[in-house]
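**Q** Protein chains in written order, with the numbering used here: chain A, 1 to 337; chain B, 1001 to 1337; chain C, 2001 to 2337; chain D, 3001 to 3337. Even glycine gets a Cβ: it sits at the ideal position worked out from N, Cα and C.
4 protein chains.
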Amino acid sequence: MIIVLKPKTKKEDIDSLIEKIKAKDLKPVAFEGEERTVIHVLGDTKEEVGNGWSSIRCVEKVMRILKPYKLASKEHHSHKTVIRVGGVTIGGSDFVVIAGPCSVENEKQIMESAKLMKANGIKIMRASAFKPRTSPYSFQGLGIEGLKLLKKVREETGILVETEIMDVRDVGITAEHVDVLRVGARNMQNFDLLKEVGKIDKPVILKRGIAATIKEFLMAAEYILMNGNKNVILCERGIRTFETAYRNTLDLGAVAVLQKETHLPIIVDPSHAAGRRDLIILLCKASAAVGADGLLIEVHPNPEESLSDGAQSLYPEQLTTLLKELKPVCAAVGRKL
Amino acid sequence: MIIVLKPKTKKEDIDSLIEKIKAKDLKPVAFEGEERTVIHVLGDTKEEVGNGWSSIRCVEKVMRILKPYKLASKEHHSHKTVIRVGGVTIGGSDFVVIAGPCSVENEKQIMESAKLMKANGIKIMRASAFKPRTSPYSFQGLGIEGLKLLKKVREETGILVETEIMDVRDVGITAEHVDVLRVGARNMQNFDLLKEVGKIDKPVILKRGIAATIKEFLMAAEYILMNGNKNVILCERGIRTFETAYRNTLDLGAVAVLQKETHLPIIVDPSHAAGRRDLIILLCKASAAVGADGLLIEVHPNPEESLSDGAQSLYPEQLTTLLKELKPVCAAVGRKL
Amino acid sequence: MIIVLKPKTKKEDIDSLIEKIKAKDLKPVAFEGEERTVIHVLGDTKEEVGNGWSSIRCVEKVMRILKPYKLASKEHHSHKTVIRVGGVTIGGSDFVVIAGPCSVENEKQIMESAKLMKANGIKIMRASAFKPRTSPYSFQGLGIEGLKLLKKVREETGILVETEIMDVRDVGITAEHVDVLRVGARNMQNFDLLKEVGKIDKPVILKRGIAATIKEFLMAAEYILMNGNKNVILCERGIRTFETAYRNTLDLGAVAVLQKETHLPIIVDPSHAAGRRDLIILLCKASAAVGADGLLIEVHPNPEESLSDGAQSLYPEQLTTLLKELKPVCAAVGRKL
Amino acid sequence: MIIVLKPKTKKEDIDSLIEKIKAKDLKPVAFEGEERTVIHVLGDTKEEVGNGWSSIRCVEKVMRILKPYKLASKEHHSHKTVIRVGGVTIGGSDFVVIAGPCSVENEKQIMESAKLMKANGIKIMRASAFKPRTSPYSFQGLGIEGLKLLKKVREETGILVETEIMDVRDVGITAEHVDVLRVGARNMQNFDLLKEVGKIDKPVILKRGIAATIKEFLMAAEYILMNGNKNVILCERGIRTFETAYRNTLDLGAVAVLQKETHLPIIVDPSHAAGRRDLIILLCKASAAVGADGLLIEVHPNPEESLSDGAQSLYPEQLTTLLKELKPVCAAVGRKL
């Protein structure tokens, strides 16, 4: 940790700060520069999180050397985490496509969806029972009823199911009904929810908040890991920028950075990033090429009748095209679709 | 609502879309332009939220005329909402300063804080018992114990208390212990939490998410209003941009826009926006001048010993300076401090 | 064009606006809604650019149906533009890699660079003689001397050369010395410069400004096209966002959108987006997969001795690796490297 | 300067880097941490700009202690710069309002504007002869003809005039015709233009780019100062963010930061930030309260007939209201309007 003092700090303030550092069993080394004094602090500063030092009157800024995440970091856990769910492995040599409708609308729709996925070789189907909606006047999801339909579809067709969890009170029942839980972008820093999903043993897909830095994203994963659940899958889904030609800016640079920083698997959701179906296939190919471990995409048996997110849902025939076009790209980067 | 079709849409697709519009008891008027057909849809399109129409294959985009919020809108409720808590009114001619430490740290600290506030004429003290922290290794707050200390301080000193609520399961107990509840920026779209605080009768301060548009901010308020709680106070606290000289970009333009859009009171939190105490006084004066109804600021009896947010907490003597300098600015815009 | 009036606009103001619209030979159709009157304006509104109508007191907003760019638009020029420079074609089935050092530093360095490029099969070398630098204390480029070195290298090795143009006064001499000119991100809206490069007949690479929308990017291209130069190559190079793990956020979604909007070739510069060499190869593969027509990348014979942008320049051996790994990705999307 | 090395860097690479540092007459002090070696570099590192050190293979990051700007910095020039133009002083105890139409449209309009300004006590009128327009199809300004009209108005009415300069070739003639030159937001990093306006002796208003950090803004000012022109006035005019309720986000936090960082006067342009006239008066009051030295605002004798920026131009009666409401706010912060 490096502490930069304000210009013209008095000697007594420097001395007092140095005493405080020593009192924490850390070793300060001060450099008196022409303009500023800089104190290099040695010792185990890992615990020195928060902004304690920066609160002090004579401190201009505190620069940290160590990364704030530990369990999520590649430095402390160098081999890639591979997550197993049913017969599927995420984070290994397979490229995994999780696809399905935005939400569970009714039994007929979800059953048709499952059959469509299976016909295309998709092994995990996404579908939300609880829906976070910007407007209180929009369709809010079927709730518990939706979970039951997912379980039914799972039993009848054998497809694995993935769904969003929003409310801490629903974690238990949701984990009983589905194979993979998803924490949405809006809840990436809902710390109580992170702690709860950290206590279950089902894999959790953690989506990056639309204004979350990569560091904050990894710190959110750290909350889950620290509570005991090691099966975290990171999901890049676009960040909010000034551009309005699409809904969010898909940040594939983050997918590249994450491969350097963490051992956790990383998937990409281009549907929510784009918000329009005509860009999805191109973005899926780019996601595979940049090294993602898989995709999370919206496909609906009949998007025009969809109760939510219809504009970004692929038509059934587009799913077939996507998979066909994706296969050689995956092969080109050494992944198996 | 206006529906713009893709160039070269076939006549049969236009006809089919027109039939669908009529089937919803709406009246379509189509304009065949040189390049695109545009359909003007008349009737009560208020219910036509969501993106149903944009899901349709031949639709390029849907433009809405009506605002998506109703209860929060000034158009439907033209007189300013004035909220009463204890003897304080928020949204009226008084300019209200809510101040206090970032969090409840222990009995001594919170009692000292309360006395400091009272000595400066502050009538509502902020202090968090539950702390949302980016890092799981940072101080997480005292929880229920903190709520009890707040209640104790309130009883002993007579100061009103305000605190953050993060977990739906804590809404009830928190409402029993404090006068005003706060939904933090990270939870602005935690819809389950919004619904819960919509069911209580204590005033709720709703902070704008760091990447929330003004429209989304009002939609979040709409969730609370719709569930029955009319006592919503909006709080601008900075948005995330590319600038790193401060923590977030305080958006006083939003405070100006909100005065045109909504009848709800609007306060400003410059502490979390700036993240550094040397900017706070200037930003408080700007907030008063732009027409805000009050402030939410961090002051600590001893910022250097603070367990969280010390770098942005004002020193006791700065609070006194602030109030002295703020008074004439409030007067200049017709407000009483 | 659709004009939305403010709520409660008086009849006389509506009538007066309608007269103004008619006076421009346009046909207004007014819809009186419950809350607002909306006027649909028919006729050739293409010329009605600027914000003339939004200046009017009773107007709330103006929504345009037509795209503001014409020459750059795919709607008016549906077949892809293919640009020929020397024996290279950009925008056709070939995937073109333009590579080289950030700047021309001296004869030895630029000659070595050219040989390195040729040895790797690169046909166009990038290198700046004029350098836009944030700090006036940084290396500002060799200027005209640099242009002469580029010409010399071109004559001796046969490699084509590409360089940046910053000052309107240098357009003529630069066009005499190099094969392709580049307008940098900072100058994307330097309209006088756009007009000047619009008057020459050499291809121009136009880089997207770090805060430019896709619409503004195409409007900047329109300036060049309108002045007569049809050889415009668009270059996505990252936009500025809140993320700091890399320099800028590479916007491959924009590359997808541009393929829908324009007939102009699109290349990607991942070097300036990433700002760090360890991400470049991954981003190059993603760029090819998303459908870009080529790349603009920084490679230096000895990055550690580079006078500018060394941290993002590939090592010679990395260029070889890149090309080897890129080849199958290009093949997977039907492009030839 | 502090150089952080990558984890597991070999001893020979560290030694080689230390030799390089010494070869530049700097003194390295290395700290071997548990995870990383950190080298503290002492000596005059001011010249060590650019990213030379970060290019080196074993370097993870370089952290600088010194600010990259010198001439613009308050640390090296602690008393506030006061600029004199005609009888007006900018940066002193007066609060200066520069107002006028977006552009010079014709003799009648500009003469009427000047009279309107004089009648309101405005001493410097803004009006652009050269117009940067996003669309090549929009009104591009009257050019030299406009400059002549400004000079004429100046001679006939005695009002001082301010105008934008876009093209390096027009700097000389513009400086002959007007009192204050303005470098627009799009040209903030048009370094050749900055150098040219650095060579004249008229005051220059430098507007912040819509995506420029405060540091880059000050570096742009440094270009002008370094070329000899000490009369630089900084102008905050809004930055580009995700919000669309207004045109740009006015960054008054930057105005607060600039007061800590630089001795140069700082004014605010709320017109271009807001893009809508109903927010201007509120934002002007906030600008005065936050400590700005003045304003740059758009007022038009007849906004509805304006050829550009009409929607954000104040009506004549609004100017009168603004000045009346602004006066007590200025007084409240010790400034004279």
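Report yes or no: is there a C-beta of chain C within less than 7 Å of the C-beta of glutamine 3318 (chain D)?
**A** Output row for glutamine 3318 (chain D): interface = no.
**Q** Looking at chain D, is there any beta carbon in it that lies within less than 7 Å of the beta carbon of histidine 263 (chain A)?
**A** For histidine 263 (chain A), the answer is no, since every Cβ of chain D falls outside 7 Å of its Cβ.
**Q** State the start and end residues of the unbroken alpha helix (DSSP H) segment that holds histidine 3272 (chain D).
**A** Element bounds for histidine 3272 (chain D): 3270-3274.
**Q** Would you call arginine 335 (chain A) buried or exposed, if buried means 16 or more other Cβ atoms sit within 10 Å of its Cβ?
**A** It is buried - the Cβ of arginine 335 (chain A) has at least 16 other Cβ atoms within 10 Å.
**Q** Closer than 7 Å by beta-carbon distance: list the chain C residues that pair up with alanine 286 (chain A), in chain order.
**A** Those within 7 Å of alanine 286 (chain A) in chain C are Leu2252, Ala2286, Ala2289, Val2290.
**Q** Once the 5 residues before and after valine 2257 (chain C) are set aside, which same chain residues still bring their CB inside 7 Å of it?
**A** The residues are Ile2214.
**Q** Output yes or no for whether 7 Å exceeds the beta carbon distance between threonine 1125 (chain B) and methionine 1117 (chain B).
**A** First, the amino acid is wrong: residue 1125 (chain B) is methionine here, not threonine. Going by C-beta atoms, methionine 1125 (chain B) is nearer than 7 Å to methionine 1117 (chain B).
**Q** So, helix, strand or coil for valine 1204 (chain B), using DSSP?
**A** Strand.
**Q** Please report how far the alpha carbon of alanine 288 (chain A) lies from the alpha carbon of proline 1101 (chain B), in whole angstroms.
**A** Straight-line Cα distance between these residues: approximately 48 Å.
**Q** Any idea which residues DSSP pairs threonine 1249 (chain B) with across the strands?
**A** Looking at the DSSP assignment, threonine 1249 (chain B) forms a beta bridge with B:Ile1239.
**Q** Along chain A, which residues have their Cβ under 7 Å away from the Cβ of valine 2268 (chain C)?
**A** None at all; the shortest Cβ gap to chain A is about 10 Å.
**Q** Taking C-beta to C-beta, are isoleucine 415 (chain A) and valine 41 (chain A) nearer than 7 Å?
**A** Look at the range of chain A in this structure, 1 to 337, and you will see that residue 415 (chain A) is not part of it.
**Q** For arginine 3064 (chain D), name the three-state secondary structure that DSSP assigns.
**A** If DSSP states are grouped into helix, strand and coil, arginine 3064 (chain D) belongs with coil.
**Q** Shorter than 7 Å from the beta carbon of tyrosine 2246 (chain C) to some beta carbon of chain A?
**A** For tyrosine 2246 (chain C), the answer is yes, since a Cβ of chain A falls inside 7 Å of its Cβ.
**Q** Leaving aside the five residues before and after leucine 2225 (chain C) along the sequence, list all residues of the same chain whose C-beta is less than 8 Å from its C-beta, in chain order.
**A** Hits under 8 Å: Leu2071, Ala2072, Gly2198, Val2232.
**Q** Along the chain, where does the beta strand (DSSP E) that runs through phenylalanine 31 (chain A) open and close?
**A** Looking at the DSSP string, the run of the beta strand (DSSP E) that includes phenylalanine 31 (chain A) is 27-32.
**Q** Measure the C-alpha to C-alpha separation of leucine 2193 (chain C) and isoleucine 2056 (chain C) and round it to an integer number of angstroms.
**A** Approximately 33 Å between the Cα atoms of the pair.
**Q** Any beta-carbon of chain A closer than 7 Å to the one on glutamate 1196 (chain B)?
**A** No, glutamate 1196 (chain B) lies away from the interface with chain A (no Cβ there is under 7 Å from its Cβ).
**Q** Of all Cβ atoms in chain B, is any one closer than 7 Å to the Cβ of threonine 3157 (chain D)?
**A** With 7 Å as the cut-off, threonine 3157 (chain D) does not count as an interface residue toward chain B.
**Q** What did DSSP end up calling glutamate 1317 (chain B) once you bin it into helix, strand or coil?
**A** Glutamate 1317 (chain B): helix per DSSP, three-state reduction.
**Q** Under the three-state reduction of DSSP, which class applies to threonine 3009 (chain D): helix, strand or coil?
**A** Here threonine 3009 (chain D) sits in coil by DSSP.
**Q** Which chain A residues sit within Cβ distance under 9 Å of valine 1168 (chain B)?
**A** Under the 9 Å cutoff, chain A gives Asp167, Val168, Arg169, Asp192.
**Q** Is lysine 215 (chain A) helix, strand or coil when you go by DSSP?
**A** Helix, per DSSP.
**Q** According to DSSP, is isoleucine 3233 (chain D) part of a helix, a strand, or is it coil?
**A** Residue state, collapsed to three classes: strand.
**Q** What does DSSP give as the partner residues of valine 2004 (chain C) in its beta bridges?
**A** Its beta-bridge partners are C:Val2038, C:Lys2061.
**Q** Just verifying my parser: in three-state terms, what is the DSSP assignment at glycine 294 (chain A)?
**A** Correct three-state label for glycine 294 (chain A): strand.
**Q** Under 7 Å, CB to CB, which of the residues in the segment 2174-2190 of chain C have a partner in chain D?
**A** Correct list: Arg2186, Asn2187, Gln2189, Asn2190.
**Q** Taking Cβ-Cβ distances shorter than 7 Å, what residues in chain B pair up with isoleucine 14 (chain A)?
**A** Chain B residues near isoleucine 14 (chain A): none, gap ~15 Å exceeds 7 Å.
**Q** What does DSSP give as the partner residues of glutamate 164 (chain A) in its beta bridges?
**A** DSSP lists A:Arg182 as partners of glutamate 164 (chain A).
**Q** Have a look at phenylalanine 130 (chain A) and isoleucine 2018 (chain C) and give me their C-alpha separation to the nearest angstrom.
**A** Computed Cα separation, rounded: 48 Å.
**Q** Given a threshold of 16 other Cβ atoms within 10 Å of its Cβ, counted over all protein chains shown, does glycine 238 (chain A) qualify as buried or as exposed?
**A** Looking at its Cβ environment, which holds 16 or more other Cβ atoms inside 10 Å, glycine 238 (chain A) is buried.
**Q** Taking only beta-carbon positions, decide if threonine 2 (chain A) is within less than 7 Å of chain C.
**A** Note on identity: in this sequence residue 2 (chain A) is isoleucine, with threonine being the wrong assignment. With 7 Å as the cut-off, isoleucine 2 (chain A) does not count as an interface residue toward chain C.
**Q** Short of 7 Å Cβ to Cβ, which residues in the segment 230-244 of chain A face chain B?
**A** So the list reads Arg240, given in the order they occur along the chain.
**Q** Closer than 7 Å by beta-carbon distance: list the chain C residues that pair up with glutamate 3222 (chain D), in chain order.
**A** Those within 7 Å of glutamate 3222 (chain D) in chain C are Pro2136.
**Q** Among C:Lys2151, C:Glu2034, C:Met2001, which has the Cα closest to the Cα of proline 2389 (chain C)?
**A** This structure gives no information on residue 2389 (chain C), because the portion of chain C shown stretches from 2001 to 2337.
**Q** When DSSP labels each residue in this structure, what does aspartate 3192 (chain D) get in the three-state scheme?
**A** It is helical.
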